[in-house]
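*Asks:* In this note's numbering, the protein residues as written are 715 to 1565. All residues carry an ideal CB built from backbone N, CA and C; glycine is no exception. Quantities reported herein were computed from a predicted structural model and do not represent experimental measurements.
Put into structure tokens, the structure is as follows:
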């Protein structure tokens, strides 16, 4: 694959990928839309609960006693876990919240006790079980269970104190899960992140959870003996004092937020307000512990999964109610789903390294967390972005490709400018002679002569350049051409002429502003330039040239004058070469006539308009037809073979016409055979140009086999010019024809050299004397004809004389022992359908009626 094809493949691939991503985005968007907006609420994932509903044999009723207010972040998590189990079960749930963080005095507990007691007494049926969330609620149950919930199973969860859980578990009707605070894990993480810290300080209050957390914190001093432990009790300080205490915290301090809901004045504060106050005041990382989620702004801490804790406890309760688990046999266990969470954003803000974190720490707000959290949205939004990006890259590559090409062009521009003149010179001038080339002179001749009403064009052709190249080598020919060019350049300066190399051995010289007569000194000088001899290897070679001269006439364009010069040059070659011929209207007429005939030939080939006529060949003694000569004609046209055959030979159509003649003659023989007529040999003219038609013999034999015609019925008439060549090609063709049984006749004997030297060894059967011998010798010098016939007979050849038109000619030829005659005395060329009638007439003539 080429580089260009590779670039095109990449661009098409990018375009296809962009379209694919765009279609994928549309499909996924529609699917997401249908999944989110076209699903009824009952089928929402948040309402489905468990995949398999937990059904009890009887309908049950549970009471959930929570330590927290409904607005507390922990409570919704607990409820979500409980409802996920109960939503698809036949269990009813009641909820009672203690809100111990705001109501933690004895009178508050007594009031809560009264509320619960009243609620139980007013129920029509008792509860079947109690769920208890967190330490404070468990303390309440342990104190009042016998009075309020005798014989009811109690399952507790999220209990921070293992001691409290184990104590509760001693009651055969109570079991559940405890969850340690993991404060030690939080401090280990903090000390790893802040290795230069000297103090570990905790923020707590006197709330129920605050007191427990404070005790847990200071119990860890032994494990972290190299640090100073300190604390800030929010419940012992006013808000302003608390702020000052925060400001006094040193940089080398690990600060842990445990609980801060109530100040020394008894004012309660929501967690969010306290967090904001702490973060705006201190300049050190703040850690949390036992959080529902990592508090925004905190560096991190232990995050508990209260939802899962509640879910586990609810499943345990249902197992107890369904008797799958015996409560009295089950001891309390640890259930602490959750993990250590560190906020990557805060970590980076304080310049702390995450390399100190253990592998089980979850890095929040990191790239991985972001991708995991919003992977679906990210991928969905990424698809159109990728599609746009791919379209952009596709467009960019196209522009870059164009830009790169432009840069390359600009980079090469200087070099192109430097070689431009050289390239233009090479395009305009012949590389060997440094004269204008054909394309340039023809393109510029109108401009060259636009101000010249009179001008002369001379087209010169070197007659024997081909022979010089073949005998002395092309280097010698090139030296001669270069010498001619140098002489022409001198002539250009002397006469104001413009010389050009018009072809391999042709030169066009234009003389603006002058009409040169035939005896012009300039023309004589020009002709002598080409006729100078050349010495090669001590041997002198004389060179000859033919030229045509045409002058402006006020009507024809310069290009037409050049054409006229070419016509005149062709005439000079036909007249024997090595001369100059002036163009005349007669030459134009001959050329136009040739062109007209050429068009007729081309048209006849296209329209299949050629057909064959047949002239009888008569046995002199019996006057019977012994064969025919086939002659080609054109339908509906008076153009005869002596006109169109030479043109066809000159312009390369003769091989086509030769095959047309072969096919039509053999097809006609087959047709006569089908009609029951007796077949006679038919001769077909074979031009010297056809000798180089490589597949002629194969074509001839193919047609004979195609129509099943015996080979002796086809004869080829050849001319003397073929015999003079004696080339390998000629001998090869003759050998194939003779081996195939095809007879060869020598045609037009007497019009050329009429040499007998080749007759003994050329495989000829018959010699055909031309009509000119009869016309010139038969009347007054008949012995010449007699002797010719005798010599040919002595060579073992048959003699046919053509052009016999008079009775006396026939009688003399019969007396000279001529074998066969052909001519209008016995009939001219006939249409194929007329041959049978002539045969009958000729048969009558043979019995004495022929005239």
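Drop a sphere of 10 angstroms on the beta-carbon of residue 682, count the other beta-carbons inside from all chains shown, and report buried for 16 or more, exposed for fewer.
*Replies:* In the structure as shown, the chain starts at 715 and stops at 1565, and residue 682 therefore has no counterpart that could be examined.
*Asks:* Taking the alpha-carbon of residue 722 as reference, which of 1016, 1114, 1286 has the nearest alpha-carbon?
*Replies:* By one-based count along the chain shown, residue 722 stands at place 8. Comparing Cα positions, the closest option is 1114.
*Asks:* So for residue 865, helix, strand or coil by DSSP?
*Replies:* The residue labelled residue 865 in the question sits at position 151 within the chain shown. If DSSP states are grouped into helix, strand and coil, residue 865 belongs with coil.
*Asks:* Evaluate the contact criterion for the region 1141-1156 versus the region 1199-1211: three or more CB pairs, one atom per stretch, below 8 angstroms.
*Replies:* Yes, the region 1141-1156 is in contact with the region 1199-1211.
*Asks:* Could you tell me the distance, in whole angstroms, from the CA atom of residue 950 to the CA atom of residue 980?
*Replies:* Residue 950 sits at position 236 when you count from the first residue of the chain shown. Residue 980 sits at position 266 when you count from the first residue of the chain shown. Spanning the two alpha carbons is a distance of roughly 9 angstroms.
*Asks:* Keeping to the same chain, check which residues put their C-beta closer than 6 angstroms to that of residue 719; ignore five residues upstream and five downstream.
*Replies:* Residue 719 sits at position 5 when you count from the first residue of the chain shown. The answer is none, since no qualifying residue turns up.
*Asks:* Put residue 834 into one of helix, strand or coil per three-state DSSP.
*Replies:* Walking along the chain shown from the start, residue 834 turns up at place 120. It is helical.
*Asks:* Of all the options 1290, 1079, 1070, 1196, which has the alpha carbon lying nearest to the alpha carbon of residue 1177?
*Replies:* Taking the first residue of the chain shown as position 1, residue 1177 is located at position 463. Measuring from the Cα of residue 1177, the nearest candidate turns out to be 1290.
*Asks:* Whole angstroms are fine: how far does the CA of residue 1310 sit from the CA of residue 1414?
*Replies:* What you label residue 1414 is simply residue 700 of the chain shown in a count that begins at 1. What you label residue 1310 is simply residue 596 of the chain shown in a count that begins at 1. Approximately 30 angstroms, taken between the alpha carbons.
*Asks:* Just the C-alpha distance for residue 1404 and residue 1429, rounded to the nearest angstrom, thanks.
*Replies:* Residue numbering aside, residue 1404 sits at position 690 when the chain shown is read from its first letter. Residue numbering aside, residue 1429 sits at position 715 when the chain shown is read from its first letter. Cα-Cα distance, rounded: 15 angstroms.
*Asks:* Just mark residue 1026 as buried or exposed, buried being the case when its beta carbon has 16 or more other beta carbons within 10 Å.
*Replies:* Numbered from 1 along the chain shown, position 312 holds the residue referred to as residue 1026. Counting Cβ neighbours within 10 Å, residue 1026 comes out buried, since at least 16 surround it.
*Asks:* If you draw a straight line from the alpha carbon of residue 1347 to that of residue 1361, how long is it in whole angstroms?
*Replies:* Within the chain shown, the letter at position 633 stands for residue 1347. Within the chain shown, the letter at position 647 stands for residue 1361. Those two C-alpha atoms are separated by around 14 angstroms.
*Asks:* Measuring straight from C-alpha to C-alpha, what distance separates residue 888 and residue 867?
*Replies:* Position 174 of the chain shown, counted from the first residue, corresponds to residue 888. Position 153 of the chain shown, counted from the first residue, corresponds to residue 867. C-alpha separation (whole angstroms): 6 angstroms.
*Asks:* Between the region 791-804 and the region 818-826, can you find at least three pairs of beta-carbon atoms closer than 8 angstroms?
*Replies:* Output reads no: the region 791-804 does not touch the region 818-826.
*Asks:* Compare the C-alpha of residue 1303 against each of 916, 1541, 1281, 973 and name the closest.
*Replies:* Sequence index remark: in the chain shown, residue 1303 carries index 589 (1-based). Measuring from the Cα of residue 1303, the nearest candidate turns out to be 1281.
*Asks:* In terms of alpha-carbon separation, which member of 1180, 788, 906 lies closest to residue 848?
*Replies:* Translated into positions along the chain shown, residue 848 becomes position 134. If we check each option's Cα against that of residue 848, 788 comes out closest.
*Asks:* Given that a residue counts as buried once 16 or more other Cβ atoms are within 10 Å of its Cβ, and exposed if not, what is residue 1551?
*Replies:* What you label residue 1551 is simply residue 837 of the chain shown in a count that begins at 1. That one is exposed.
*Asks:* Taking only runs that begin and end inside the region 1293-1370, name each unbroken alpha helix (DSSP H) of 4 or more residues, in chain order.
*Replies:* The qualifying runs are 1299-1321, 1355-1364.
*Asks:* Within this structure, are the beta carbons of residue 927 and residue 941 separated by less than 8 angstroms?
*Replies:* Residue mapping note: residue 927 aligns to position 213 of the chain shown, counting from 1. Residue mapping note: residue 941 aligns to position 227 of the chain shown, counting from 1. Against a cut-off of 8 angstroms, the Cβ pair of residue 941 and residue 927 comes out as no contact.
*Asks:* Check for me: the alpha helix (DSSP H) holding residue 959 runs from which residue to which?
*Replies:* On the chain shown, position 245 is the one that residue 959 refers to. Its alpha helix (DSSP H) spans residues 953-961.
*Asks:* To the nearest angstrom, how far is it from the Cα of residue 1217 to the Cα of residue 1168?
*Replies:* Position 503 of the chain shown holds residue 1217. Position 454 of the chain shown holds residue 1168. The straight-line gap from Cα to Cα measures roughly 25 angstroms.
*Asks:* How about residue 841 and residue 777: do their beta carbons lie closer than 8 angstroms?
*Replies:* For the purposes of this step, residue 841 is taken as residue 127 along the chain shown, with counting starting at 1. For the purposes of this step, residue 777 is taken as residue 63 along the chain shown, with counting starting at 1. Yes.
*Asks:* Could you tell me how far apart the beta carbons of residue 1054 and residue 1075 are, in whole angstroms, since I believe they sit closer than 8 angstroms?
*Replies:* One-based indexing of the chain shown puts residue 1054 at position 340. One-based indexing of the chain shown puts residue 1075 at position 361. Residue 1054 to residue 1075, Cβ: 5 angstroms. Contact.
*Asks:* Between residue 813 and the rest of its own chain, which residues show a CB-CB distance below 6 angstroms, the 5 nearest in sequence each way excluded?
*Replies:* Within the chain shown, residue 813 is the residue found at index 99, counting from 1. Around residue 813: 783.
*Asks:* From residue 1329 to residue 1536, what distance separates their C-alpha atoms?
*Replies:* In the chain shown, the residue the question calls residue 1329 occupies position 615. In the chain shown, the residue the question calls residue 1536 occupies position 822. So the alpha carbons of these two residues sit roughly 8 angstroms apart.
*Asks:* Jot down the residue ranges of each uninterrupted alpha helix (DSSP H) in the region 904-943, minimum 4 residues, whole runs only, in chain order.
*Replies:* Listed in chain order, the complete alpha helix (DSSP H) runs (minimum 4 residues) inside the region 904-943 are 922-932.
*Asks:* Evaluate residue 851 with the Cβ neighbour count: other Cβ atoms within 10 Å of its Cβ, from every protein chain shown; 16 or more gives buried, anything less gives exposed.
*Replies:* For the purposes of this step, residue 851 is taken as the residue at position 137 of the chain shown. It counts as buried.
*Asks:* Could you tell me which residues DSSP puts in a beta bridge with residue 1056?
*Replies:* What you label residue 1056 is simply residue 342 of the chain shown in a count that begins at 1. DSSP, once it has assigned bridges, lists 1014, 1077 as partnering residue 1056.
*Asks:* Hey, how far is the Cα of residue 1034 from the Cα of residue 771?
*Replies:* Walking along the chain shown from the start, residue 1034 turns up at place 320. Walking along the chain shown from the start, residue 771 turns up at place 57. Their Cα atoms are separated by approximately 13 angstroms.
*Asks:* Is residue 1421 helix, strand or coil by DSSP?
*Replies:* Taking the chain shown and counting its residues from 1, the one referred to as residue 1421 is at position 707. Here residue 1421 sits in helix by DSSP.
*Asks:* Based on the DSSP output, what are the partners of residue 1431 in its beta bridges?
*Replies:* In the chain shown, counting from the first residue as 1, residue 1431 sits at position 717. Paired residue(s): 1399, 1459.
*Asks:* Determine whether the Cβ of residue 1102 lies closer than 8 angstroms to any Cβ atom of chain D.
*Replies:* Absent here is chain D; the protein component of the structure consists of one chain.
*Asks:* By a C-beta neighbour count over all protein chains shown, 10 Å radius and 16 as the cutoff for buried, is residue 1106 buried or exposed?
*Replies:* Position 392 of the chain shown, counting from 1, holds the residue named residue 1106. That one is exposed.
*Asks:* Enumerate in chain order the residues of its own chain whose CB-to-CB distance from residue 1323 is below 8 angstroms, with the five nearest sequence positions on each side excluded.
*Replies:* By 1-based counting over the chain shown, the position of residue 1323 is 609. The residues are 1317, 1348, 1349, 1350, 1351.
*Asks:* Using the C-alpha atoms, what's the distance from residue 807 back to residue 835?
*Replies:* Here residue 835 refers to the residue found at position 121 when the chain shown is read from its first residue. Here residue 807 refers to the residue found at position 93 when the chain shown is read from its first residue. Rounded to whole angstroms, residue 835 to residue 807 spans 17 angstroms at the Cα level.
*Asks:* First and last residue of the beta strand (DSSP E) that includes residue 1514?
*Replies:* Working through the chain shown from its first residue, we reach residue 1514 at position 800. From DSSP, the beta strand (DSSP E) with residue 1514 extends over 1512-1516.
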